[in-house]
Each structure stands twice: as structure tokens, then as C-alpha cells.
Amino acid sequence: MSTVKVVERVDPREIRRKLGLNQQQFWSRIGVTQSGGSRYESGRNMPKPVRELLRLVHVEQIDIQRLKREDYEVIEYLKAEDPEQFKSLKKAARGKGKKPV
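For the sequence shown, the positions run -9 to 91 when our numbering is used.
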């Protein structure tokens, strides 16, 4: 039985251009230097943690400066101890941002 590894492609240059940011603005939000970001945009392999930060900050629009470890710990506890409650709260939070039809 063979396993196929799916490689997730992220085009940071395209994301940055769509957001209208220069390299300094874009990369500094995730703790990467402009020169490092330039190398990633030129095709250099991007480590998974950098790719995930890019996704969280620039695609999901999460302000990582507001995240606290204790918030993450509460989420993980709730997911493990009361998954139905977690799903319910997650659904309610997502619905909060939507306008009634």
C-alpha cells in the first residue's frame, strides 16, 4: 500500500499582492524579515511553522498578538472534555459574525 503525501502549496507573493502590502509589512506580521520573505517568494522552501503563521495571519485574518497560551489551553481542554459543547460554541461564534437573512 502506497501513501501519497499531499504538499500544500502557498503562494505568499500572490497573497501579499492581493492584500496590497509591501514585503516589509507582510512578513513582519509573522516575524519574518523582509529578506527572508523575499527568498520564500522566490521559491525557497518555506518551513511548515512559517506557512501556518502565514495562513493564520494573512488568510484567516487572525491577530496573533491577541492570542494567549491560556486561551489555547481552554480550547484544547474543552475539545477533549466536552466536544459537543465545543462544537456548539464554535457554531455560535461563527454565526455571530453573519447578518440575519
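Backbone N, C-alpha and C fix where the C-beta goes; we use that ideal spot for every residue, glycine too.
Residue i classed as buried or exposed, judged by whether at least 16 other C-beta atoms fall within 10 angstroms
i, result
"Val40", "buried"
Cβ-Cβ distance between residue i and residue j below 8 Å
i, j, result
"Ser28", "Gln13", "yes"
"Val47", "Arg19", "yes"
"Glu31", "Arg3", "yes"
Straight-line gap, residue i to residue j (C-alpha atoms, nearest Å)
i, j, result
"Leu79", "Glu60", "18 Å"
"Glu63", "Arg7", "35 Å"
"Asp72", "Gly21", "34 Å"
"Arg34", "Ser25", "12 Å"
"Thr23", "Lys58", "23 Å"
"Lys38", "Lys86", "31 Å"
"Leu11", "Lys81", "32 Å"
Cut-off 8 Å between Cβ atoms - residues of its own chain near residue i, not counting five sequence neighbours on either side
i, result
"Val0", "Met36, Arg41, Leu44 and Arg45"
"Glu66", "none"
"Ile52", "Leu46"
"Val49", "Ile5"
6 Å CB neighbourhood of residue i in its chain, flanking five on each side removed
i, result
"Phe112", "This structure cannot speak to residue 112, because the chain is shown only from -9 to 91."
Cut-off 7 Å between Cβ atoms - residues of its own chain near residue i, not counting five sequence neighbours on either side
i, result
"Leu68", "Gln75 and Phe76"
"Ala70", "none"
Range covered by the alpha helix (DSSP H) that runs through residue i
i, result
"Ser32", "First-last for Ser32: undefined, no H or E at that position."
"Lys81", "Pro73 to Lys86"
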